[in-house]
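**Student:** Attaching a single structure in structure tokens format; questions to follow.
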Amino acid sequence: DIETNDRMLLRAFAMRHSLGLSARQYSLIPQFLEGVYLPSVAHERTRVAQLSHIKSEKYDCCIKSCCCFTGDYADLDQCPFCKASRYTASGAPRKQFSYLPVGPRLVGIYANVLQSERMRYRAQQPNRNGAEFHDFTDGSHYRHLRRKRVFLDGHRQAWMYFSDDCDVALALSTDGFCPFKKRKVTC
97 DIETNDRMLL
107 RAFAMRHSLG
117 LSARQYSLIP
127 QFLEGVYLPS
137 VAHERTRVAQ
147 LSHIKSEKYD
157 CCIKSCCCFT
167 GDYADLDQCP
177 FCKASRYTAS
187 GAPRKQFSYL
197 PVGPRLVGIY
207 ANVLQSERMR
217 YRAQQPNRNG
227 AEFHDFTDGS
237 HYRHLRRKRV
247 FLDGHRQAWM
257 YFSDDCDVAL
267 ALSTDGFCPF
277 KKRKVTC
């Protein structure tokens, strides 16, 4: 069970994110609302991470966002595209990308009975004819995958994509970053 202080902190966190408040805007709220105490953004982040048991992973990336220094680029000291230095003179990374791993987030969602039930909406909705688009499940690609067998390591499996009520469809939004080999570098 979550304590009262933590509930308040989580509400403040949700408010800040749903309203899109910057850290500065958030910190000004107590000046306008007498008697209102809000935890600092740093404390909020730390406590939310503790409560969720999800830790962000940080990866060094090019200062111009050309690449992330992982995989083939993990040992490089400069960007292979724009030649910008990876590190400052003091040896600190010039820019880092914070990543919240998907696995623990999905475990957390399915560990909650209400959220787990909500995640199954896809299997419980009526099979629409595709004339109207309400959700990604109405899209042609999703419908095509539902009729296709899964291949793992080159072996055909007995089940189809999204045939289990608990299957999850993930979308990838890269916000201008090109994760594949046929990328066009932006720097």
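Using the numbering used here, the first residue of the sequence shown is number 97, and each one after it goes up by one. Note that beta-carbon positions come from the ideal geometry of N, C-alpha and C, so glycine has one too.
Closest to Tyr133 by CA distance: which of Phe109, His149, Ala188 and Ser118 is it?
**Tutor:** Phe109
**Student:** Give the single residue among Asp173, His113, Thr233 and Arg190 whose Cα lies nearest to the Cα of Leu266.
**Tutor:** Thr233
**Student:** Run through DSSP, which three-state label would Ala254 get?
**Tutor:** strand
**Student:** Do three or more CB pairs link the region 144–151 to the region 190–205 at distances below 8 Å?
**Tutor:** yes
**Student:** Mapping DSSP to helix, strand and coil, what is Glu228?
**Tutor:** coil
**Student:** Can you pull the DSSP bridge partners for Tyr155?
**Tutor:** For Tyr155, which the question treats as bridged, DSSP gives the partners Phe193.
**Student:** Under three-state DSSP, which class holds Leu248?
**Tutor:** strand
**Student:** Going by beta-carbon coordinates alone, are Arg214 and Asp261 separated by less than 7 Å?
**Tutor:** no
**Student:** Can you give me the C-alpha to C-alpha distance between Ala170 and Leu210, rounded to a whole angstrom?
**Tutor:** Computed Cα separation, rounded: 40 Å.
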